[in-house]
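In the working numbering, the protein residues as written are 468 to 832.
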């Protein structure tokens, strides 16, 4: 596999190969991490001068771009922007940390935003995204009303907030033709829990399954606060605000109007014990908004994620018959251990040089 290093106009500066037999700059190690939450990929790699002029590696600028094939799905091209470098004089190698979203999104600060109109997810994302980005909406609600954010957020943080508000995920894609990026796009997608992308069997597609459980983040109640409205002293809360939401699991989320607490009533009843009569496992929650509707919706989405013990399945993948990526739903089977789960891929870590693909998945009830 070749890694192409390019300037801001995507003119190739030099290339490095993962092939040990190829002369020239060589990719010694590589690791790509894709996570569902952030939508962006992280590339970490080490490049050796391999007997060539070391000044090229020593002089490589941050902000340089890397173009490469996806390590476990060779039909897909990826583009990264280098964020940090470290050159070792003794080993004549350059360690690189790069991200697919790049500094255009990470370092861009977005201003406060208030609107009383209904916005579609494509419209609101387009309002914040820089020129040149295409935005796609796959199965997200057509519009939501009253969108309100304070400032002091990076554009990446704002995109995460937009996706959370629509109960969706987002990811980036880049089309590359003749070493030129012809399209850069952000996709917002609300997944159906019915479509299975791939069936993964132990001792076939996967070599091992590791199951971990923890309740370190468990909560049945949030005490939400927002930002301070101009002219007021304290931030907004949910006192006096009526809110009720039943999710796909049948859990009822309600606001106690007298205290402003957002409570998962279903799990509250489950956790009532002799040691804790009210069943409230409370935690403060803050979201940067002055709108109660948005505060309640964001707090509920966050509380949903911690209302149950967290069960994570880590799988070691031998091969994939179909392309699988973060956000996809897979069926994992291990007959001898009676493991039959439908799960969403939340993280993938892969390396071409080390020849492995590991994934983390969360069970879909």
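From the three backbone atoms N, C-alpha and C, an ideal C-beta is built for every residue, glycine too. Keep in mind the model is a prediction, meaning the values are calculated, not measured.
Those residues which DSSP pairs with residue i across a bridge
i	result
residue 722	729
residue 510	499 and 565
residue 749	688
residue 483	470
residue 675	783
residue 616	580
residue 611	586
residue 621	576
residue 515	493 and 560
residue 829	779 and 811
residue 504	Answer is none; residue 504 lacks a bridge partner.
residue 548	532 and 566
residue 644	647
residue 656	605 and 636
residue 555	560
Coil, strand or helix - residue i by DSSP
i	result
residue 708	coil
residue 572	helix
residue 453	For the chain, the structure presents residues 468 to 832; residue 453 sits outside this window and is missing.
residue 736	helix
residue 541	The predicted model places residue 541 with a pLDDT of 48, which falls under 50 and marks its position as unreliable, so this point remains unresolved.
residue 697	coil
residue 523	helix
residue 662	coil
residue 683	coil
residue 703	coil
residue 447	The requested residue 447 is not part of the displayed model; the chain covers only 468 to 832.
residue 490	coil
residue 534	strand
residue 834	Because the chain is modelled from 468 through 832, residue 834 falls outside the range shown and cannot be assessed.
residue 715	coil
residue 631	helix
residue 841	A query on residue 841 cannot be resolved here, the shown segment of the chain reaching from 468 to 832 and no further.
residue 763	helix
residue 475	coil
Short Cβ contact (7 Å threshold) for residue i with residue j
i	j	result
residue 755	residue 604	no
residue 794	residue 636	yes
residue 709	residue 615	no
residue 751	residue 682	no
residue 625	residue 577	yes
residue 606	residue 657	yes
residue 706	residue 778	no
residue 583	residue 610	no
residue 480	residue 470	no
residue 591	residue 629	yes
residue 588	residue 655	yes
residue 768	residue 631	yes
residue 510	residue 565	yes
residue 814	residue 502	yes
residue 492	residue 525	no
residue 581	residue 622	no
residue 499	residue 817	yes
residue 684	residue 773	yes
residue 806	residue 828	no
residue 791	residue 697	no
residue 819	residue 468	yes
residue 612	residue 477	no
Contact with chain C by residue i, beta-carbon distance below 7 Å
i	result
residue 687	Absent from the structure: chain C. Only one protein chain is present.
Could you give the uninterrupted runs of the alpha helix (DSSP H) lying entirely in the stretch 771 to 824, keeping only those of 4 residues or more? none
Below 8 Å, how does it come out for the stretch 509 to 517 and the stretch 556 to 564: are there three or more Cβ pairs, yes or no? yes
Three or more C-beta pairs below 8 Å linking the stretch 782 to 797 and the stretch 810 to 824: yes
Would you say the stretch 730 to 747 touches the stretch 680 to 692, given that touching needs at least three Cβ pairs under 8 Å? With the cut-off at 8 Å, the stretch 730 to 747 and the stretch 680 to 692 touch.
Quick check: the stretch 494 to 510 against the stretch 631 to 645, are at least 3 beta-carbon pairs closer than 8 Å? yes
With a cut-off of 8 Å, do at least 3 Cβ pairs link the stretch 544 to 552 to the stretch 582 to 599? no
With a threshold of 8 Å, are at least 3 pairs of Cβ atoms found where one atom belongs to the stretch 797 to 816 and the other to the stretch 666 to 677? yes
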